[in-house]
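Engineer:
In my numbering, the protein residues as written are 536 to 709.
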């Protein structure tokens with residue numbers, strides 16, 4: 536059962552995808568949605584304050600347009616984007632974390648993990664990466680199938696998130 540969803544956003548267009556998908560899933564499952572943005576506390580304080588002030592407007596606008604019928608709240612806080620997102624997922628008892636896809640920086644991504652990769656690796660709940668702005672129910676779901684307990688849990692979650700007529704395509708690569 537999915538009761539609480541966190542849609543994590545960095546307030547970018549990629550983050551907007553997570554917010555849109557979070558609202559769509561919360562509405563469909565009648566779940567509570569927390570829209571969360573953690574502004575990196577390594578930035579200078581005046582910049583952090585400005586981002587937080589401006590950041591509360593963007594997700595709030597989504598709430599006004601997409602929030603009908605959804606129990607949601609908006610949180611824009613300063614901190615460590617990776618650690619504090621993970622901590623919020625645990626503290627709020629989230630059952631699902633939705634994030635936007637990562638901006639491609641090919642060379643840099645070879646040298647270090649992205650924030651999205653770190654969060655996905657560390658999260659103790661399923662993580663859904665929203666890759667487009669579409670809010671419609673899923674029509675096709677590609678499942679990574681490695682026969683592990685996590686893979687099985689992912690398939691179960693996909694079945695909950697997708698409508699009954701969605702195609703499920705399990706993919707296993709040795």
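Ideal placement from N, C-alpha and C gives every residue a C-beta, glycine not left out.
1) As an exercise, report each continuous beta strand (DSSP E) stretch of at least 3 residues that is fully enclosed by the stretch 557-632, in chain order.
2) Work out the CA separation of residue 539 and residue 591 for me, nearest whole Å.
3) What span of residues does the beta strand (DSSP E) with residue 665 cover, start to end?
4) Are residue 678 and residue 691 close, meaning C-beta to C-beta below 8 Å?
5) Using a 10 Å radius around the Cβ and a threshold of 16 neighbouring Cβ atoms, would you call residue 661 buried or exposed?
6) Taking the alpha-carbon positions, what's the residue 621 to residue 614 distance?
7) Quick check on residue 706: buried or exposed, where buried means 16 or more other Cβ atoms within 10 Å of its Cβ?
8) Which stretch, first to last residue, makes up the alpha helix (DSSP H) that contains residue 675?
9) Inspect the beta-carbon positions of residue 600 and residue 570 and report whether they are closer than 8 Å.
10) What do you reckon, is the C-beta of residue 569 under 7 Å from a heavy atom of the ligand ADP?
Structural biologist: Short version:
1) 567-575 and 606-614
2) 20 Å
3) 662-665
4) no
5) buried
6) 12 Å
7) exposed
8) Counting along the chain, residue 675 falls outside any alpha helix (DSSP H), though it belongs to the beta strand (DSSP E) covering 675-679.
9) no
10) Within the structure as shown, the ligand ADP is missing, as the structure has no ligands at all.
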